[in-house]
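First up is the structure itself, then whatever we jot down about it.
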Amino acid sequence: MLGFARELRVLGELLDLSSSAGVTCLGSQDEQGSGFLALFRALALDDGIDHILMISGSTRREIMRSLRSKLMSLVLDKALNLIGLVAAGNQTLVDLIRESELSRSTTHRLLSTLVAHGYLSYSSKRYDLGFKLLELGEKKKRSLDFVETLRPTLQEYAERVGDTLHLAILDGPDIILVERIAGRRELQIRSHVGQRAPAYRTAVGKALIGRRPSHTWNAYLQNIPKHYARNMTEIRSEFENAKRRRFATDFEEVSLGTCGVAAAFRVNQFVDAAVSINGATVYFQNDRLTQLSSTVIEMADRFQSILGNSGK
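So this is what it looks like as structure tokens:
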């Protein structure tokens, strides 16, 4: 009995679940909810043994099995969140404790593990991203070898149209830019390789979603803010238009003063990508927009041919 109580307390400390928020998180949504609530109330009030005595042995075993399973996923989530916080510029232990809302001991334990595995580095009392991330990033970059294949042709079109060109792929509900070629116009948009944006509000995202089966479209519309200018019906209509016309547009949906037009193409049997022409709104008016929509379709077809894919 005492061994169970000690293990429970250790797991609770690892998960920072002595708080009422932690209790609610694990307790109210689990089949063993009442058991979790009692046990973690015990952790919070430091009178655990009296509560534990009220719970049967089979229930205790079930609770511990479930808790150990939750431990693995929740600790991983907390560790990945710390990497993101360091990447965002929170580099001291004090900063990371504040931003993560974890206890000092848990934060330090996770950071030490991440440093030991090379995902973070530590010097002069500051944390930074580790070289393991660079190694993994290079491996991912090599997996996008189609970008290298298409770069010369992309540069050719950038010179021709004068605006910034992007290559993008879907990554969950977002698009991520995998290549950017700057144009020669005085007004250029700000963007960078690795940049993310919600797929539903970008030209490349709409073009890519339009290639997906329509029954999957709602998955890309889960996190639309209430104040967004378009409702779900209107956005789905844009996906339909992208599918029918083979190109999509965004008019100042990503940022004020910028527009884009995009078309999608097949990279291989597993991956689609999209190419877009992006620039200042002043360059995307009337007849030129019609011309650019034809150009992106031409580019998509040419890229698909270069990559050896004939299917639409």
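So for the sequence shown, the UniProt record's numbering puts the first residue at 1; every next one is plus one.
Where is the CB? At the ideal position from N, CA and C, for every residue including glycine.
All figures in this text were calculated on a predicted structure; none of them were measured in a lab.
Item: Buried or exposed for Met72, please, with buried defined as at least 16 other CB atoms from any protein chain shown within 10 angstroms of its CB.; Value: exposed
Item: What does a CB cutoff of less than 6 Å around Leu2 pick up in its chain, not counting 5 residues either side in sequence?; Value: Note on Leu2: pLDDT 46, under 50, position unreliable in the model; the coordinate value appears next. Hits under 6 Å: none found.
Item: Please classify Thr249: does DSSP put it in a helix, a strand, or coil?; Value: strand
Item: Residues bridged to Ile176 by DSSP?; Value: Ile169 and Arg196
Item: Which residues does DSSP pair with Arg126 in a beta bridge?; Value: Ser123
Item: Give me the residue from Lys140, Ala182 and Val178 with the minimum Cα distance to Gln155.; Value: Ala182
Item: Pull up the distance between the alpha-carbon of Val161 and that of Arg185, whole angstroms please.; Value: 9 Å
Item: Who pairs with Thr164 in a beta bridge, going by DSSP?; Value: Asn278
Item: CA-CA distance, Thr281 and Thr164?; Value: 13 Å
Item: Quick one, are the C-beta atoms of Ala203 and Ser276 less than 9 Å apart?; Value: yes
Item: Between Leu74, Leu292 and Ser214, which has its C-alpha nearest Thr249's C-alpha?; Value: Leu292
Item: Thinking C-beta only, is Ala262 closer than 9 Å to Thr197?; Value: First, the amino acid is wrong: residue 197 is Ala here, not Thr. Contact flag unset, no.
Item: Among Val147, Ser103, Tyr200 and Leu187, which has the Cα closest to the Cα of Val193?; Value: Val147
Item: Select from Leu74, Arg180, Leu150 and Ile209 the residue whose C-alpha is nearest the C-alpha of Leu170.; Value: Ile209
Item: To the nearest angstrom, report how far apart Leu256 and Ser112 are at their CA atoms.; Value: 42 Å
Item: Taking the beta carbon of residue 321 as the centre, do at least 16 other beta carbons fall within 10 Å, making it buried, or is it exposed?; Value: With the chain covering 1 to 312 only, the question about residue 321 has no answer from this structure.
Item: Which class does His108 belong to by DSSP, given the choice of helix, strand or coil?; Value: helix
Item: Hey, how far is the Cα of Gly84 from the Cα of Arg151?; Value: 30 Å
Item: Taking DSSP as the reference, what is the three-state secondary structure of Phe265?; Value: strand
Item: Tell me the rounded alpha-carbon separation between Cys25 and Leu74.; Value: Legend: pLDDT at Cys25 = 42, less than 50; position of this residue unreliable, value from coordinates given subsequently. Answer to the nearest angstrom: the Cα atoms are 11 Å apart.
Item: Could you tell me the alpha carbon to alpha carbon distance between Lys139 and Lys132, rounded to whole angstroms?; Value: 11 Å
Item: With H, G and I counted as helix, E and B as strand and the rest as coil, what does DSSP make of Leu187?; Value: coil
Item: Taking 9 Å as the cut-off, decide whether the C-beta atoms of Leu129 and Tyr122 are in contact.; Value: no
Item: By DSSP's criteria, Gly260 is part of a beta bridge. Which residues make up the other side?; Value: Asp250 and Asn278
Item: Rounded to a whole number of angstroms, what is the C-alpha to C-alpha distance between Lys226 and Glu135?; Value: 39 Å
Item: Going along the chain, which residues of its own chain have a beta-carbon closer than 6 Å to the beta-carbon of Met232, five neighbours each way excluded?; Value: Leu221
Item: For Glu179, which residues of its own chain have a beta-carbon under 6 Å away from its beta-carbon, when the five flanking residues on both sides are left out?; Value: Val147 and Leu167
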